[in-house]
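Step one of this worksheet: look at the structure below.
Number of protein chains: 2
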Amino acid sequence: MAQIRHALNVKRADDFAAWYQEVISAAEMAEESGVRGCMVIRPWGFGIWERMQRLLDDRIKATGHENAYFPIFIPLSNFAREAEHVEGFAKEMAVVTHHRLIAGKDGGLMPDPEAKLEEPLVVRPTSETIIGDAMARWVQSWRDLPLKLNQWANVVRWEMRTRMFLRTSEFLWQEGHTAHADAEEAKAHTLTMLEVYRAFADEDLSLAVIAGEKPENERFPGAVETWSIEAMMQDGKALQAGTSHYLGTNFSKASGIKYQDREGGETLAHTTSWGVSTRMVGGVIMTHGDDDGLRLPPRIAPQQVVILPMLRDGPEDAPLLAYCEELRAALAAQAALGEKVRVLLDSRPGKAAAKRWDWVRKGAPAIVEVGGRDMDNGVVSLLRRDRLWDEASGKPAFQTPSRDEATAAIPGILEDMQAVLLDEARARRDANITREVADFAEVERHFTASRYPGWLEVQWSRPTGAALDQVVERLKAHKLTIRNVPQDASPADGACLFTGEPAVERILLAKAY
Amino acid sequence: MAQIRHALNVKRADDFAAWYQEVISAAEMAEESGVRGCMVIRPWGFGIWERMQRLLDDRIKATGHENAYFPIFIPLSNFAREAEHVEGFAKEMAVVTHHRLIAGKDGGLMPDPEAKLEEPLVVRPTSETIIGDAMARWVQSWRDLPLKLNQWANVVRWEMRTRMFLRTSEFLWQEGHTAHADAEEAKAHTLTMLEVYRAFADEDLSLAVIAGEKPENERFPGAVETWSIEAMMQDGKALQAGTSHYLGTNFSKASGIKYQDREGGETLAHTTSWGVSTRMVGGVIMTHGDDDGLRLPPRIAPQQVVILPMLRDGPEDAPLLAYCEELRAALAAQAALGEKVRVLLDSRPGKAAAKRWDWVRKGAPAIVEVGGRDMDNGVVSLLRRDRLWDEASGKPAFQTPSRDEATAAIPGILEDMQAVLLDEARARRDANITREVADFAEVERHFTASRYPGWLEVQWSRPTGAALDQVVERLKAHKLTIRNVPQDASPADGACLFTGEPAVERILLAKAY
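These protein sequence lines are chains A and B, in that order. Heads up, the first sequence is in the working numbering, so the first residue is 1 and it goes up one at a time. Heads up, the second sequence is in the working numbering, so the first residue is 514 and it goes up one at a time.
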């Protein structure tokens, strides 16, 4: 086997964190903005987020939700209403205290002391309390329920340590908020949205997530139940990729979301909330990226096929461009994965080989190069991003179908690649979950034995209160957390790893982002 | 002619401002949030904005722009860079000064004095300076130009007097930002985007706008040229519905957007910016609304057809719902205006007549009622929102086509309505622009003679500096402003209304929102 010269400088196996940063930079997805904790999402990164938005928005609407928009500013007093919520959120937030600037002494600008707000405003870290206010106005009778809302918005949580996409002070997300007549319906809806997230993550993003309930200590501040989808990154860490909360009547009490029931009595509504954010983009990078850059599941690729004519800045370029344009039009008229194929003819200045590697690093699923000789022979040079290298020669694994064959084959290639990436992610995940752990010493050994140790599935007795705190502390000493109780795990049949008592369920232990 | 009982309490002719508020409330488009100057955009209002976004986004992408996302927070020092920009914007803005809350003495929360930011952050009122920073990093060579970006975002300008959609402290918009190699290309692009806005306003929103250049005194802070589209509201006032700015090298100087040209020299880029916001929704209301509520151009209606079965809460409901569902499916399979027909079967509890008037107030283009007798006769009762009343009887002008006839006719009806609303808006606008004004006294008379006086088109000599200030002051005394110099106005052929000198062009005078 020949030596392969990969397109990135850092390999996953050598330094996963540095590799992650290099993918983001080499694929021109995002960069530091110079504003503390905030990133700039560049067109390629934002195009991926737009695709995610479109696909998830369709799923959210298909389950009966409507989009709306609520203020970015939340009065300070709103946060004080729900005790646990304030405890969990009211710490690191951006606080607006003034509404005017004036010239300062040094020729610069400063907040005008005359324009101090009577009540400071918080830039929303999440919108339960402000949407709760609206729900209290809109919900009057049982006929108004269920009320199913969603919002696409930016939110701010002042983070001390930030990492692009995974943890930034400002991020983009959707937050769903619903009100229901009773606990049963609200709990069922919490699980409906968890399933929407699971299907979105697996089918659209090829992530192979595990859905399950979070333990008590990991609940959203103010929630009665928190459910999550967890994805395994290639370094074996877990990424919480989406959460769905059953909030009971905690927020409806705080905001006064009451309705007249069919019997004429006044009843508190039960609410849910659920969100997915731009951190999902980070999850896609760390699940599918390789030592040549990003690999994108075709459903979320802003461009699925990139055509690169080998231009020579001469008169021979015109027929070559025409040949490529015919290919572009023929591909764009086809459908793959239920949508029109997204195809770009990249005729910008620059050498075709350099542009090829740019598109490899960006993760375009299919790259089609066309030179003058290809045109003369009626063929194209086709490269699949998921089968980039010919191992024997150490060179890119180009195929050379005829132009018509390529046109006919590409939709199927995109559909195959979508499935291949999910299969790979699922196989890697399953190979890296270790079960049958005898005692805590083995947990310690497992997480120190290798660099990227994956997850453990263990049995426990679901301790609460102080007993749970003890478990959490023991895990914390090894930088471990309980990810969730997988919905489809086997029933418990042994002893609790922590207490020795009979186990009641299985949980996942992992290091996490 | 019989008396018509309209669906709203306030008529446009009686109190236009109160009518506007009633439409917004009766159509459930938006409401006050309780947070100063910020509104809640309810699902129907947000659905209209989503339709606008989709249509405008397609047009922006078709002209070669890519979407990206930049931080909501802008360091104070950024504003000080461009002198005119700071003068125009650095006044009423939301200023973030702290990043943490702590418990206050009264049990409430307060900004933590320990967590005061070294440099306050401003919530973006517009993003020229922060996007300029990124452009300076991305533009290195002539090969990087033109750079064509767009952002969909929320922005905040602290407004003292707010009115829903028209002027709110937080609003939603898109802001396009481009960099070009020279003035000629940048100026041409400014006009390309003006034309995108004009086409969007006319073809998608049926607004019949007038595109033209703003006078010097109405330029965006820091711009060399500002162009606008102006729409006439039914009270004769103007609404600036979109602006496109040629910024020269003012912002590229401030941010350092320089490139190496083909000859190897270092050159400043020329930039443009352009934006359209949620105020467009207010423009649609005040252009198309009538005394029964909103009327929506079908292209931007979240639902174009609403089917209302006359349910009786009995066993006869099942076949009726099945009959309506067949109609819904048949309509949804058809296309109108280049997209699938958006049709809603509204089977929520409630009387059909009450629901009909709700949908009339919301401006759904076509309403189809189906009762048991209609079903037995194979017909439906069809109401066009733009031909609501039978003047003779004073009753709703229902047609009763067969179900198949209705299915076949509705796409054509939607296309017709889109054109009818534009024709109406254009005819009203043209009928309310008065030309041939002899002197300023006539201007005064015109704007005091009637309640909704429309616009004047007058000739002027394009004074600048102090002479222009004088004109602006004279107009201001009558609450008038110069809207723009229409692109397609006739050439000047007379004397300046203000100076008596030979006129050089024609301008529009109006009261404005």
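Even glycine gets a Cβ: it sits at the ideal position worked out from N, Cα and C.
Query                                                                                                                         : Result
Identified DSSP bridge partners for His612 (chain B)                                                                          : BP columns for His612 (chain B) are empty, so no partner.
Neighbourhood of Ser25 (chain A) by C-beta, 8 Å cutoff - its chain only, sequence neighbours within 5 removed                 : Glu31
Any C-beta of chain B under 8 Å from that of Glu185 (chain A)                                                                 : no
Counted within 10 angstroms of its Cβ, other Cβ atoms place Gly620 (chain B) as buried (16 or more) or exposed                : exposed
From A:Leu414, A:Met233 and A:Gly275, residue whose alpha carbon lies closest to that of Val343 (chain A)                     : A:Leu414
Contact the segment 141-150 of chain A vs the segment 56-68 of chain A: 3+ CB pairs below 8 Å                                 : yes
Short CB-CB distance (under 8 Å) between Asp133 (chain A) and chain B                                                         : yes
Contiguous beta strand (DSSP E) assignments of at least 3 residues, all confined to the segment 704-749 of chain B            : 723-726 and 738-745
Nonlocal neighbours in the same chain, by C-beta distance under 8 Å from Leu630 (chain B), ignoring five residues either side : Val609, Thr610, His611 and His612
Residue burial classification, Ala134 (chain A) (beta-carbon count within 10 angstroms, cutoff 16)                            : buried
Coil, strand or helix - Gly176 (chain A) by DSSP                                                                              : strand
Assigned secondary structure, Ser786 (chain B) (DSSP; H/G/I helix, E/B strand, else coil)                                     : strand
Alpha carbon of Leu840 (chain B) to alpha carbon of Leu166 (chain A), nearest angstrom                                        : 47 Å
Where the alpha helix (DSSP H) through Tyr836 (chain B) begins and ends                                                       : Asp830 to Ala845
First and last residue of the uninterrupted beta strand (DSSP E) at Pro111 (chain A)                                          : Leu109 to Pro111
Tyr452 (chain A) in three-state terms, based on DSSP                                                                          : coil
Candidates A:His446, A:Lys476, A:Met39 and A:Asp376, of which the one nearest Asn154 (chain A) by Cα                          : A:Met39
Neighbour flag for Phe953 (chain B) against chain A, beta carbons, 8 Å                                                        : no
Closer than 8 Å at the beta carbon, the chain A residues around Asn945 (chain B)                                              : None at all; the shortest Cβ gap to chain A is about 33 Å.
Three-state class that DSSP yields for Ile770 (chain B) in the structure shown                                                : coil
Partners in chain B for His98 (chain A), counting only beta-carbon separations shorter than 7 Å                               : Val608 and Thr610
Residues bridged to Ile285 (chain A) (per DSSP)                                                                               : Paired residue(s): none; Ile285 (chain A) is not in a bridge.
Below-8 Å beta-carbon distance, Ala581 (chain B) vs any chain A residue                                                       : yes
Within chain A, partners of Glu563 (chain B) - CB distance below 7 Å                                                          : Asn67
Amino acids of chain A, ordered along the chain, whose beta-carbon sits closer than 8 Å to that of Lys604 (chain B)           : Arg100 and Leu101
Chain A within 8 Å of Ala754 (chain B), Cβ atoms only                                                                         : no
Segment contact, 8 Å Cβ cut-off, at least three pairs: the segment 684-702 of chain B with the segment 802-822 of chain B     : no
is_contact[Gly282 (chain A), chain B] using C-beta, thresh 8 Å                                                                : no
Chain A contact residues for Trp872 (chain B), given Cβ-Cβ distances below 8 Å                                                : Going along chain A, no residue has its Cβ under 8 Å from Trp872 (chain B), so there is no contact; the nearest lies around 15 Å.
Any C-beta of chain A under 8 Å from that of Val553 (chain B)                                                                 : yes
8 Å Cβ cutoff met for Met417 (chain A) and Pro298 (chain A)                                                                   : yes
Close beta carbons around Ala181 (chain A), own chain, < 8 Å, minus the five adjacent residues each side                      : Trp142, Leu145, Pro146, Tyr259, Asp261, Thr267, Ala269 and His270
Within 9 Å of chain B by C-beta, residues of the segment 299-325 of chain A in sequence order                                 : Pro302
Close-in-space but distant-in-sequence residues of the same chain around Gly371 (chain A) (CB under 6 Å, 5 per side omitted)  : Met310
Residue-level contact to chain B via CB, Arg143 (chain A), 8 Å cutoff                                                         : yes
Outcome for Glu632 (chain B) when other beta-carbon atoms lying within 10 angstroms are tallied against a minimum of 16       : exposed
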